[in-house]
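Heads up: the sequence shown begins at 4 in the working numbering, then just goes up one per residue. The beta-carbon is built from N, C-alpha and C at its ideal position, and this holds for glycine as well. First up is the structure itself, then whatever we jot down about it.
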Amino acid sequence: MVKADLYKRLDRVNEIRLSVKGRKSGRDIPRPVWFVHEGNTLYLLPVQGSDTNWYKNLLVDPTLKISVNGIEIPVKGKPITDRKRVDDIVRKFKSKYGEGDVKKYYPKVDAAVEVPL
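Listed below in C-alpha cells is the structure:
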C-alpha cells in the first residue's frame with residue numbers, strides 16, 4: 004500500500020483500531036482509539052494516561068498494529084512522557100475532537116504515544 008493511500012484513509016476517519024500484545028497473555032488485544040495524524044506520524048493518547056493497559060503493554064513490547072478502513076499495518080510506538088510534548092499532543096487532540104470531549108474522555112494526560120508511519 005502506498006503511504007498516500009493510507010494517509011487519505013486516516014484523514015477520513017476519527018477512530019482507528021489499535022492492537023497491542025498483552026504483556027501477560029501474549030495475545031493481540033484490539034482497541035478503538037482516537038488519533039491525530041500529522042505528516043508521517045500518528046499521535047495517540049491513552050484514555051487513562053500511563054495507567055491505561057494498552058499503554059502498559061506498549062512499554063513491554065512497542066510493536067503495534069493499526070487498522071483503518073480494512074487495512075492493517077505493523078508499526079512501532081514510542082512512549083512520550085515529557086510534559087511539554089504531552090501537552091502539545093493534547094492541544095492537537097482538542098483541535099481535532101473538541102476541548103469538551105478531550106476533557107471528558109481523557110481525565111489523566113501524563114503520557115502519549117508517537118507512531119512513525
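Legend entry - Heavy atom of the ligand ZN within 7 Å of Asn43 beta-carbon: Looking at this structure, you won't find the ligand ZN or any other ligand, since it has none at all.
Inset, instruction - With DSSP as the reference, label Lys24 as helix, strand or coil. - result: strand
Inset, instruction - Leaving out five residues on either side along the sequence, give the residues of the same chain with a beta carbon under 6 Å from the beta carbon of Trp57. - result: Val23 and Arg34
Inset, instruction - Determine the DSSP secondary structure at Val78, reduced to helix, strand or coil. - result: strand
Legend entry - Element boundaries [alpha helix (DSSP H), containing Val89]: Arg86 to Tyr100
Legend entry - Beta-carbon spacing of Lys87, Pro77 below 8 Å: no
Inset, instruction - Could you please give me the residues that DSSP links to Leu45 through a beta bridge? - result: His40 and Val118
Inset, instruction - Specify the secondary structure class of Val5 as computed by DSSP and reduced to three states. - result: coil
Legend entry - Three-way DSSP call (helix, strand, coil) for Asp31 in this model: strand
Legend entry - Rounded distance between the beta-carbons of Tyr109 and Leu13, thought under 8 Å: With a Cβ gap of about 20 Å, Leu13 and Tyr109 do not count as contacting.
Legend entry - Val63 (DSSP reduced to helix, strand or coil): helix
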